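*Asks:*
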Amino acid sequence: MTRLAASSKTGSKFLIKIKNLFSFFSPEHEIYRFFKDNIVASYTREEAIAHSFMAVIFILSIGTFLLNAWVFHFTPTISSLNMVFFIPLWMVWWVIGHIHRPKWPRFGLVAATFANVGICTIIFMINWSAVLSTPFVIIDYHLVKWDHWLGFDVTTFMAWANQFPHLMKIFWFSYGTWEYQVILTPFLLAALNKSKEVNRYFTAAAICLIICNLIYYFFPTIAPAGVMHSPYFIKAEYDLVARFYEVHQSLPITHWGSGMVSFPSGHVMYALLVLYTVRKIKVVFYPLLVINCFLILATMAIGAHYLVDVIASFIIVTMVLLGMHFFLDRKSSLSESKIPALNGLRDC
Numbered sequence: 173m174t175r176l177a178a179s180s181k182t183g184s185k186f187l188i189k190i191k192n193l194f195s196f197f198s199p200e201h202e203i204y205r206f207f208k209d210n211i212v213a214s215y216t217r218e219e220a221i222a223h224s225f226m227a228v229i230f231i232l233s234i235g236t237f238l239l240n241a242w243v244f245h246f247t248p249t250i251s252s253l254n255m256v257f258f259i260p261l262w263m264v265w266w267v268i269g270h271i272h273r274p275k276w277p278r279f280g281l282v283a284a285t286f287a288n289v290g291i292c293t294i295i296f297m298i299n300w301s302a303v304l305s306t307p308f309v310i311i312d313y314h315l316v317k318w319d320h321w322l323g324f325d326v327t328t329f330m331a332w333a334n335q336f337p338h339l340m341k342i343f344w345f346s347y348g349t350w351e352y353q354v355i356l357t358p359f360l361l362a363a364l365n366k367s368k369e370v371n372r373y374f375t376a377a378a379i380c381l382i383i384c385n386l387i388y389y390f391f392p393t394i395a396p397a398g399v400m401h402s403p404y405f406i407k408a409e410y411d412l413v414a415r416f417y418e419v420h421q422s423l424p425i426t427h428w429g430s431g432m433v434s435f436p437s438g439h440v441m442y443a444l445l446v447l448y449t450v451r452k453i454k455v456v457f458y459p460l461l462v463i464n465c466f467l468i469l470a471t472m473a474i475g476a477h478y479l480v481d482v483i484a485s486f487i488i489v490t491m492v493l494l495g496m497h498f499f500l501d502r503k504s505s506l507s508e509s510k511i512p513a514l515n516g517l518r519d520c
């Protein structure tokens, strides 16, 4: 009986400790109220949607890794999965941002944006390494045929552009601004305290990535340098082609290259997305409009993309933005329009 009483007492103490451990989930607990008042209150619908699409990208990435390994027995040589351990560090910044948003909305939004950019970068890199190991056959020869059907040839355009060294310098400069535009755009919006626009940008970027990389996985490309001949292709483009074959033949990676070349063009898609996002900030929009026109032409002038890549990019970005307008703006306005009617019924 003494042993039973002692064990019962020990069990009760253990249960009390467990209860105290999870007591912060109670609505009366200070930590619970603190998170509810400072984080949940500032967590908007738009940001939740953006995070949902980031989660979709991560799930698709894991599924792609498993599909390659279990179904196609194709083990990827490149993996960025270890980068997932850095996400909690970015989450700290996200929490800091939301804690400070009630008192300092601009600083809080910049801090949360800093975290979201970091999380996006990690998830996008993981997805990139997943789809890079696609086991499917390249479609470059079809893209070349479609270009010729449209009366366009990449190598001919490259030869024409390289007749003008100053024009090529403008092309390369414009092309080089792409990463800065993509990364700095959300910070610009955050500095202007445009919370809705920041999160819409992340949502559109995530949707475009999902579409682009799904197409690349099932219909991969290796860029014009892999199927065409021109003295104007540069070493980095040949490195991308070599890396593609090294990955697909399970060879040691000796040509890392930079990024990947896909149908549609990621550079064109995000250049258009940046322009759409900053369209109301005229002092930024007009200079970027000029730069990005050259950037879009540069994707073909330097031999990175086909004309059909560019056309597909315009179509997809237009569809994404129209879809977001329909499902986010239109439906939210419809739900808001019902509120006065409901209030009127309550008054009756």
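With the first letter of the sequence shown counted as 1, position 220 gets the number 392 in my numbering; the numbers rise by one all the way through.
The beta carbon of each residue, even a glycine, is placed where N, CA and C say it ideally should be.
All figures in this text were calculated on a predicted structure; none of them were measured in a lab.
Roughly how many whole angstroms lie between the Cα atoms of Ala414 and Ala443?
*Replies:* For the purposes of this step, residue 414 is taken as the residue at position 242 of the sequence shown. For the purposes of this step, residue 443 is taken as the residue at position 271 of the sequence shown. Approximately 27 angstroms between the Cα atoms of the pair.
*Asks:* Looking only at its chain, what residues have a beta carbon closer than 6 angstroms to the beta carbon of Pro396, apart from the 5 residues adjacent to it on each side?
*Replies:* Counted from its first residue, the sequence shown places residue 396 at position 224. Cβ neighbours of Pro396 beyond the five flanking positions: Val326, Gly475.
*Asks:* Of all the options Ile468, Thr285, Leu479, Val267, which has the alpha carbon lying nearest to the alpha carbon of Gly317?
*Replies:* Indexing the sequence shown from 1 puts residue 317 at position 145. The amino acid at residue 317 is misidentified as Gly; the sequence shows Lys. Checked all of Ile468, Thr285, Leu479, Val267; the closest Cα to Lys317 is Leu479.
*Asks:* Which residues in the same chain as Gly438 place their Cβ atom closer than 6 angstroms to its Cβ, once the five residues preceding and following it in sequence are excluded?
*Replies:* By 1-based counting over the sequence shown, the position of residue 438 is 266. Result list for Gly438: Cys384, in chain order.
*Asks:* Buried or exposed, going by whether 16 or more other CB atoms sit within 10 Å of the CB of His270?
*Replies:* For the purposes of this step, residue 270 is taken as residue 98 along the sequence shown, with counting starting at 1. With 16 or more other Cβ atoms within 10 Å, it is buried.
*Asks:* Helix, strand or coil: how does DSSP classify Leu500 here?
*Replies:* On the sequence shown, residue 500 is found 328 positions in, with the first residue counted as 1. Leu500: helix per DSSP, three-state reduction.
*Asks:* Once you ignore the five residues that flank Tyr389 on each side, which residues in its own chain have a CB closer than 6 angstroms to its CB?
*Replies:* Numbered from its first residue, the sequence shown carries residue 389 at position 217. For Tyr389, where only same-chain residues beyond five positions count, the Cβ hits under 6 angstroms are Val303, Thr306.
*Asks:* Pick helix, strand or coil for Val456, following the three-state DSSP scheme.
*Replies:* For this step, residue 456 is matched to residue 284 along the sequence shown. Three-state DSSP puts Val456 in a helix.
*Asks:* Just reading off the alpha helix (DSSP H) that Met441 is part of, what are its end residues?
*Replies:* The residue you call residue 441 lines up with position 269 of the sequence shown. Segment 438-449, the alpha helix (DSSP H) holding Met441.
*Asks:* Between the C-alpha atoms of Thr375 and Trp266, what's the straight-line distance to the nearest angstrom?
*Replies:* Taking the sequence shown and counting its residues from 1, the one referred to as residue 375 is at position 203. Taking the sequence shown and counting its residues from 1, the one referred to as residue 266 is at position 94. So the two alpha carbons sit approximately 17 angstroms from each other.
*Asks:* Work out the CA separation of Met340 and Asp501 for me, nearest whole Å.
*Replies:* Taking the first residue of the sequence shown as position 1, residue 501 is located at position 329. Taking the first residue of the sequence shown as position 1, residue 340 is located at position 168. Rounded to whole angstroms, Asp501 to Met340 spans 41 angstroms at the Cα level.
*Asks:* Please report how far the alpha carbon of Leu239 lies from the alpha carbon of Met491, in whole angstroms.
*Replies:* For the purposes of this step, residue 239 is taken as residue 67 along the sequence shown, with counting starting at 1. For the purposes of this step, residue 491 is taken as residue 319 along the sequence shown, with counting starting at 1. Taking the straight line joining both Cα atoms gives about 28 angstroms.
*Asks:* Quick check on Ser434: buried or exposed, where buried means 16 or more other Cβ atoms within 10 Å of its Cβ?
*Replies:* Counting from one through the sequence shown, the residue named residue 434 turns up at place 262. Flag for Ser434 reads buried.
*Asks:* For the alpha helix (DSSP H) containing Asn299, list its first residue and its last residue.
*Replies:* By one-based count along the sequence shown, residue 299 stands at place 127. Start and end: 277-303.
*Asks:* Looking only at its own chain, which residues have a Cβ that is under 7 angstroms from the Cβ of Ile259, when we skip the five neighbours before and after it?
*Replies:* As a first step, residue 259 is located in the sequence shown; it is residue number 87 there, counting from the start. Ile291, Ile294.
*Asks:* Given this structure, state the Cα-to-Cα distance separating Leu467 from Ala220, to the nearest angstrom.
*Replies:* For the purposes of this step, residue 467 is taken as the residue at position 295 of the sequence shown. For the purposes of this step, residue 220 is taken as the residue at position 48 of the sequence shown. Spanning the two alpha carbons is a distance of roughly 32 angstroms.
*Asks:* Between Met226 and Phe336, what straight-line distance do the alpha-carbon atoms span, to the nearest angstrom?
*Replies:* For the purposes of this step, residue 226 is identified with residue 54 of the sequence shown, where counting begins at 1. For the purposes of this step, residue 336 is identified with residue 164 of the sequence shown, where counting begins at 1. Whole-angstrom Cα-Cα distance: 42 angstroms.
*Asks:* Under the three-state reduction of DSSP, which class applies to Ala395: helix, strand or coil?
*Replies:* For this step, residue 395 is matched to residue 223 along the sequence shown. In the structure shown, Ala395 sits in coil (DSSP, three-state: anything other than H, G, I, E or B).
*Asks:* Measure from the alpha carbon of Tyr324 to the alpha carbon of each residue in Leu412, His477, His497, then state which is nearest.
*Replies:* To locate residue 324, count along the sequence shown from 1; it is residue 152. A small correction: the amino acid at residue 324 is Phe; Tyr does not occupy that position in the sequence shown. Taking only the C-alpha atoms, the option nearest Phe324 is His477.
*Asks:* What does the alpha-carbon distance come out to for the pair Lys407 and Met330?
*Replies:* In the sequence shown, counting from the first residue as 1, residue 407 sits at position 235. In the sequence shown, counting from the first residue as 1, residue 330 sits at position 158. Those two C-alpha atoms are separated by around 15 angstroms.
*Asks:* Taking 7 angstroms as the threshold (C-beta atoms), are Ile394 and Ile310 in contact?
*Replies:* Taking the sequence shown and counting its residues from 1, the one referred to as residue 310 is at position 138. Taking the sequence shown and counting its residues from 1, the one referred to as residue 394 is at position 222. Yes, Cβ-Cβ distance for Ile310 and Ile394 is below 7 angstroms.
*Asks:* Does DSSP put Ile311 in a helix, a strand or coil?
*Replies:* Here residue 311 refers to the residue found at position 139 when the sequence shown is read from its first residue. If DSSP states are grouped into helix, strand and coil, Ile311 belongs with coil.
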